[in-house]
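Number 265 in our numbering belongs to position 263 of the sequence shown; there are no gaps in the numbering.
Don't be surprised by glycine CBs; every beta carbon is placed ideally from N, CA and C.
Encoded as structure tokens, the structure appears first; notes follow it.
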Amino acid sequence: MHFLPKANPLYEKISVTKIVIPDVLEKLSKGGFTGYLNYSVSGFEAYCIFSSGKLLCAVSSEPGREKTGFEAIVYLFDKVFSAGGEINVYRMTSDLAMCAHALVVGVRLFKGDDVRQVDIKGILARLKAQELNGVVHFYTPERYAMMFYKNGLPIGFYHDGALSIESLPDESRKVAALPGAKIDVCTTKPMEELLNYDLLQMVNIHKLWEAAQLRSTSLRRKERLPMEADGVAPDDGKLAELVDDLLELGSAYLSKAGREIVERRLKDGGGSSLLLDSGKMANFLSQVASDAREVDSHARIDEMIELMKSEITGRLAS
Numbered sequence: 003m004h005f006l007p008k009a010n011p012l013y014e015k016i017s018v019t020k021i022v023i024p025d026v027l028e029k030l031s032k033g034g035f036t037g038y039l040n041y042s043v044s045g046f047e048a049y050c051i052f053s054s055g056k057l058l059c060a061v062s063s064e065p066g067r068e069k070t071g072f073e074a075i076v077y078l079f080d081k082v083f084s085a086g087g088e089i090n091v092y093r094m095t096s097d098l099a100m101c102a103h104a105l106v107v108g109v110r111l112f113k114g115d116d117v118r119q120v121d122i123k124g125i126l127a128r129l130k131a132q133e134l135n136g137v138v139h140f141y142t143p144e145r146y147a148m149m150f151y152k153n154g155l156p157i158g159f160y161h162d163g164a165l166s167i168e169s170l171p172d173e174s175r176k177v178a179a180l181p182g183a184k185i186d187v188c189t190t191k192p193m194e195e196l197l198n199y200d201l202l203q204m205v206n207i208h209k210l211w212e213a214a215q216l217r218s219t220s221l222r223r224k225e226r227l228p229m230e231a232d233g234v235a236p237d238d239g240k241l242a243e244l245v246d247d248l249l250e251l252g253s254a255y256l257s258k259a260g261r262e263i264v265e266r267r268l269k270d271g272g273g274s275s276l277l278l279d280s281g282k283m284a285n286f287l288s289q290v291a292s293d294a295r296e297v298d299s300h301a302r303i304d305e306m307i308e309l310m311k312s313e314i315t316g317r318l319a320s
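As structure tokens, then:
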């Protein structure tokens with residue numbers, strides 16, 4: 003579970019049955035929003051962190067499972083359709099958004115260490131000496147408190163029950179001194195570097211939303227793929243839309259090379275109709291994955307392939 007500050011609400015407790023999440027994300031982006039959107043439902047939460055209208059990161063989690071990036075958005079959309087829930091939107095300064103990024107997806111220098119077993123003064127000295135950005139997070143099962151840092155210097159403090167970002171670390175010290183208190187230390191890049199990334203510019207979130215809606219409809223009706231049920235093939239328009247989605251996903255993860263890989267493997271396999279055959283479709287995805295790893299072995303290829311599977315399943319099952 004993440005503990006981002008709730009000091010400056012824009013919207014709170016808005017039912018997802020009354021909104022379209024992609025529309026909300028686009029509205030925040032176009033408005034130059036800085037802060038975060040939080041979605042929650044029983045046992046599940048998701049965060050989308052913005053700065054100057056750019057979606058810096060997304061994370062979705064439930065006990066034992068966490069997704070980030072595109073996969074987190076897909077996970078979020080699927081949960082909205084299956085479980086309902088609410089969203090909250092909170093404003094932040096750019097510096098706090100940077101710290102929120104550190105807390106949610108940053109590098110962990112310490113994670114779950116016992117406060118009494120670590121050198122707190124040494125940790126703070128390291129943050130200062132290395133001019134690090136991020137969060138020092140103290141917590142117990144009942145309490146939590148955070149200290150936010152920019153360029154190694156504290157810029158604010160927050161704790162459970164606080165109504166605003168505070169200027170003194172008194173409560174953080176109290177939580178750190180509690181029996182069994184744990185510590186996380188999370189760091190991230192300067193905001194100037196984070197702003198080079200905008201998740202909303204890398205994928206069509208409306209198509210991801212539509213695919214999630216299709217998957218939800220398919221599950222509710224307990225339908226199977228047409229090729230496994232009655233052999234009725236989808237119309238050419240639906241296949242063309244599916245191909246466009248796959249091309250876009252390839253491009254989102256590997257730029258021009260990703261699009262070319264998808265185009266080539268579809269052509270080699272005999273065209274878009276291969277997607278109607280479970281065996282050919284599986285082989286197509288395997289080839290795309292192999293080609294993609296040759297282009298960039300560090301890219302999130304498994305995530306891309308899972309999204310492609312979701313697109314194929316969702317569109318052909320409707």
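>> Spatial neighbours of LEU210 within its chain, please: C-beta separation below 7 Å, excluding the five flanking residues on both sides.
In response: ILE75, VAL76 and PHE79
> Using a C-beta cutoff of 8 Å, does PRO24 count as contacting chain D?
Replying inline: The chain labelled as chain D is not found in the depicted structure, where only one protein chain is given.
> Out of THR36, ASP25, ALA213 and GLY272, which has the shortest C-alpha to C-alpha gap to GLU313?
Replying inline: ALA213
> Given VAL43, which residues of its chain have a CB within under 7 Å of its CB, disregarding the five upstream and five downstream residues?
Replying inline: LYS81, ALA85, GLY86 and GLY87
> Taking the C-alpha atoms as reference points, what is the distance between LEU12 and ALA102?
Replying inline: Approximately 17 Å, taken between the alpha carbons.
>> Tell me the rounded alpha-carbon separation between GLY233 and LYS240.
In response: Caution applies to GLY233, whose pLDDT of 46 falls short of 50 and renders its modelled position unreliable; the model cannot decide the point.
> Is it buried or exposed for VAL91, if we count other Cβ within 10 angstroms and need 16 for buried?
Replying inline: buried
> With a CB to CB cut of under 6 Å and the five nearest residues on each side skipped, what residues in its chain are close to LEU161?
Replying inline: Residue identity differs from the one stated: residue 161 is His in this sequence, not Leu. Same-chain partners within the cutoff: ALA147 and GLU173.
>> Measuring only the C-alpha atoms, how far is GLU73 from ASN285?
In response: 22 Å
> Who are SER63's beta bridge partners in DSSP?
Replying inline: Answer is GLU47 and GLU68.
> Taking the alpha helix (DSSP H) that VAL268 falls in, what are its first and last residues?
Replying inline: Residue identity differs from the one stated: residue 268 is Leu in this sequence, not Val. Its alpha helix (DSSP H) spans residues 238-270.
>> Any contact between the region 50-61 and the region 21-40? By contact I mean 3 or more CB pairs, one from each, below 8 Å.
In response: yes
> Measuring CA to CA, which of LYS258, GLU195, LYS191 and GLU14 is closest to MET204?
Replying inline: LYS258
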